[in-house]
Amino acid sequence: MKVVYGVDINYMKARRAKEKAIAMLRGGPGDGYRKMSRYIYMLNQVYPQSHIRMHKAVDNEFKYLFIALHRPVIVVDGAHLSGPYEGTFVSASTLDGAGCILSLAYGVVDSENDNAWT
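Under the working numbering, the letters of the sequence shown match residues 42 to 159, in that order.
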């Protein structure tokens, strides 16, 4: 920063400035969850035969999202999320006619337990 812009700044200050700029451009993690209803509506319009369910807690807090398209399942996977919103991203995929990976079902659950899978 000092050589290019003539500004002497420490690492943490630069990192916080970068995170703030990205949040201003993209919004925070909570903004994505607020747009979820619109996303689900559009998926229902494009894929009317799909199975899409979103569940919220009593206080309107996001709990689960499940999206399934109708095709044979080949791979089922889960990945733990970290950051301000923790949980597990689960997905089921297959191959399309061109041999490319096609997501059939995916969702975000609070943890991998029986309630999240039913």
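Positions of the beta carbon are idealized from the N, C-alpha and C atoms, including for glycine.
Counted as a single uninterrupted DSSP element, the stretch harbouring D137 is not any beta strand (DSSP E), since DSSP gives it neither H nor E. The beta carbons of M95 and I81 sit closer together than 7 Å. For A109, the enclosing beta strand (DSSP E) stretches over residues F103 to A109. For L110, the closest of A55, G71 and L145 by C-alpha to C-alpha distance is L145. A distance below 6 Å between beta-carbons, with the five flanking residues on each side excluded, links A120 to the following residues of its chain, in chain order: F130. Distances from the CA of P125 to each of D72, N85 and V48 were compared; the closest alpha carbon is that of D72.
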